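Shown next, in structure tokens, is the structure this report addresses.
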Amino acid sequence: MNNDVLDIAVEYMKGVGPKRAEVLNNAGIFTLQDLLEFRPRRYLDRSELKQIKDILPDEEATVIGTVISSQIIRRGKKRLIVRIEDGTGVLEGVWFQQADSFARVFKADQLVSFSGKVARYRTWQIAHPSFDIISDDREQLHTGQIIPIYPSGQEFKKVGLTSFSFRRIIHTALQKYGNSITETLPVHIVKQYRLYSRQDAYRQMHFPASKDTLYQVGRRFKYEELFYLQLLMALRKHFYAAPKSGLKIDIESEAYDQLIASLPFTLTNAQQRVMGEIRQDLASGYPMNRLVQGDVGSGKTIVGLLAMYMAISSGYQSALMAPTEILAQQHFFNITSLLSQEDIRVALLTGSMKAKEKREMHQRIADGEVDLVIGTHALIQEGVNFHNLGLTVIDEQHRFGVLQRGELISKGRTPHVLVMTATPIPRTLALTIYGDLDVSTIDELPPGRQSILTYWRTDNSLPQVHSFIRKQVNSGQQVYVVYPLVEESEKLDLKAATDSYQYLQKEVFPEFRLALLHGRLKMDEKEAVMQTFKAGETDILISTTVIEVGVDVANATIMLIEHAERFGLSQLHQLRGRVGRGSQQSYCVLSTPIEVNDVARQRMQVMVKTNNGFEIAEEDLRLRGSGEFFGTRQHGMPDLRYADLVHDQKIIQVARNDAFSMVKLDPHLRKTFHAPVRIHFKKQFADKFQMTNIA
Ligand code: ADP
Ligand code: MG
């Protein structure tokens, strides 16, 4: 059916026998395509090399030369000496360790490179140089101005897969199959942006004519990668958001206005704007697929609630999904009280309910006896069937994967979906990550918020921190003390939190009321702890990170985070967002050991410097790189090998426009000139898109 040369197994390449094939397979290289995608780890540019005659003592240098001798010296300390010459002088590489095994690597007449710190003895010498075999004989295969150097682990070396052999294997493969590699981009796009053809891009990647060609190779593959990513988004949007359902939700303004008027506060401008966008979606007759992003405390809950209210008023059920049980409970209490005047049946459904209770709840949901269901993952993991689900709101989307979002969506016929996240990201990024969603941003905090003062303190100043806490509690404030919870060692962390709780209660704050909250408590226990804290009957809440998201107690004004160095930036920001929710000045203290590594230090500094979630997200990106930041797996994103979501925003924009116009013009990719795109898309995204939609 498909005879793409790039699918030919790597073991059929000249120079790859069964042994090498096995090693390559273990490294994830199965096909010719994988082999061609095996990028040089760096390139040696001859113009940046040193000639031996120009070497200065003690400098770091890379030298290329021909091996003139290789011998093991047994007199004195046993060592291997490999002498090379480059026409201007002689240099020795010396190995004191593993002399015998390195001796096997070098042969006379090989062209090699040595890098390292050069010392002057009898002759120039580098001890234990990092080296590459560039060519095995004087044939000087493909050693132009720029020489590709391939990654070469121990496993590779054992079967002779050096840079030299990779170059030879890849060169031969390109000679044989290069002309049969098919183009993946439409011709007009390749022309328009003057991109390398796919064939040329692979050739230049491995055997570049100059440094500039490498830049062009990058440009070509980045565009390709981003174009297909955006095409996936465009197709999903086209087919999944097609008008499938008659779920038109358009409530009378009067009822809506009344509810707004009954709220204990006025909506901010940003909240009003986002509500406007949501109302339009709901009334459009198309299923809504909208992401609301807004910093911690910007007031997303009410937006979700109003949307659910609209759905319910139009006769549909709504579901609100939260990442933790504590947050689900809190939503339940808040929403019940906000809706106390309304005739709406609200129910809580969580994983820790008894089987019988759950079964009864499922029944009521299925019978339509419940209007609004608030719950945790249990909502989607177990067989919940809604009577007529009209809207699903997913809170703190960054805690769920895209997959789960999909699962919930498929529960109803085609319910509207609103996802909310407090990990704000720049707009172009949001478009990429959530490319099939529309994005609304709440870029304004409710009035009267004071910015939280953040301090970074080392463990030895905890006594001062404690006396500060004492002062605040004495004046009526409440406090969180948070301990990190790392899943792998939940027990240990729990112990840390439990021990500290006992220590703080007995030794430090015997006069105050302390409570302990962690994930292992039963649902009603958690509920009790949270309720007492909310009611102001607990002064200090010791907690694991279960309070990370959503928890909202306005009178709590101090957040002490222990072992802050163990948290990521966005998590620290989330945690800090638990305070600063009322009109009082709030404080966040980050406590770390005296010695922390550089990245942790920078994280602390960012936290001290800013309260702005967007800035923090950007710093987080900078410190971690986009791949890790977004946890691409979690977001269901294909891995990006070439493009960088932060630095390649311009290409993202262009590729996005191109992909979306293509789908608009030819959604089934039927046109002849889209054939290469259709074929490549099917090959790449078989698991991510229902291919029956495409010709
Ligand atoms: P988040 O966006 O982090 O989910 P919440 O929805 O929990 O924020 O809101 C934070 C707090 O701000 C809540 O106590 C909420 O009642 C309050 N709030 C929300 N909107 C407003 C507003 N427009 N004016 C005043 N307070 C508001
Ligand atoms: Mg929230």
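Each residue of the sequence shown is one higher than the last, beginning at 175 in our numbering.
Ideal Cβ positions, reconstructed from N, Cα and C, are used throughout, including at glycine.
As the structure is a computational prediction, the values presented were derived from the model and not from experiment.
Extent of the continuous beta strand (DSSP E) to which residue i belongs
i, result
"Tyr467", "The sequence given here places Gln at residue 467; Tyr does not occur at that position. 463 to 468 is the extent of the beta strand (DSSP E) around Gln467."
"Lys614", "Note on identity: in this sequence residue 614 is Ser, with Lys being the wrong assignment. Taken as a continuous stretch (DSSP letters only), the beta strand (DSSP E) holding Ser614 covers 612 to 616."
"Leu734", "730 to 735"
"Asp219", "216 to 219"
"His590", "590 to 595"
"Ile872", "Residue 872 lies beyond the residue range present for the chain, which begins at 175 and ends at 869; the question has no answer from this structure."
Sheet register partners of residue i (DSSP bridge)
i, result
"Ala293", "Gln299"
"Ser881", "The requested residue 881 is not part of the displayed model; the chain covers only 175 to 869."
"Val286", "Gly239, Ile307"
"Gln245", "Ile255"
"Ser765", "Arg631"
"Ile548", "Leu494, Leu522"
Through-space distance from residue j to residue i, alpha-carbon basis
i, j, result
"Leu870", "Glu531", "Given that the chain is displayed from residue 175 to residue 869, the structure contains no residue 870 and the question cannot be resolved."
"Phe863", "Glu516", "42 angstroms"
"Asn867", "Thr442", "42 angstroms"
"Gln679", "Ile714", "9 angstroms"
"Phe741", "Gln491", "38 angstroms"
"Tyr370", "Met407", "25 angstroms"
"Gln349", "Gln745", "51 angstroms"
"Leu218", "Ile568", "51 angstroms"
"Ala829", "His362", "13 angstroms"
"Gln467", "Pro684", "42 angstroms"
"Ser179", "Arg341", "Before going on, a small fix: residue 179 reads as Val here, not Ser. If you take the alpha carbons of Val179 and Arg341, they lie about 19 angstroms apart."
"Ile255", "Gly334", "21 angstroms"
"Asp545", "Val520", "6 angstroms"
"Ser487", "Leu565", "12 angstroms"
"Val656", "Glu736", "6 angstroms"
"Cys762", "Val782", "9 angstroms"
"Asp469", "Glu793", "15 angstroms"
"Ile238", "Thr356", "37 angstroms"
"Glu618", "Ala444", "6 angstroms"
"His958", "Ser289", "Past the boundaries of the shown model lies residue 958; the chain is included only from 175 to 869, so the question cannot be answered."
"Arg687", "Lys645", "14 angstroms"
"Ile423", "Ile452", "10 angstroms"
"Leu749", "Ala791", "14 angstroms"
N- and C-terminal bounds of the alpha helix (DSSP H) containing residue i
i, result
"Tyr186", "Run containing Tyr186: none; DSSP gives neither H nor E here."
"Ser427", "427 to 436"
"Leu210", "206 to 210"
"Val639", "636 to 648"
"Ile321", "No alpha helix (DSSP H) holds Ile321; the beta strand (DSSP E) holding it covers 320 to 323."
"Phe330", "328 to 332"
"Ile363", "361 to 366"
"Asp274", "273 to 277"
"Leu743", "743 to 750"
Where residue i sits in the DSSP three-state scheme
i, result
"Asp861", "coil"
"Leu819", "coil"
"Gly525", "coil"
"Leu441", "coil"
"Ser835", "helix"
"Gln705", "helix"
"Val773", "helix"
"Gln624", "coil"
"Pro382", "coil"
"Thr356", "coil"
"Arg372", "helix"
"Leu480", "helix"
"Glu266", "strand"
"Glu233", "coil"
"Tyr460", "coil"
"Val179", "helix"
"Leu678", "helix"
"Arg213", "coil"
"Thr346", "helix"
"Thr387", "helix"
"Asn199", "helix"
"Ala485", "helix"
"Thr336", "coil"
"Leu814", "coil"
Minimum Cβ-Cβ distance from residue i to chain B less than 7 angstroms
i, result
"Ile500", "The chain labelled as chain B is not found in the depicted structure, where only one protein chain is given."
Open item on the list: To test your reading of the DSSP string, which unbroken alpha helix (DSSP H) runs of 4 or more residues are found completely within the stretch 491 to 522?
Closed with: Here the runs fully enclosed are 499 to 512.
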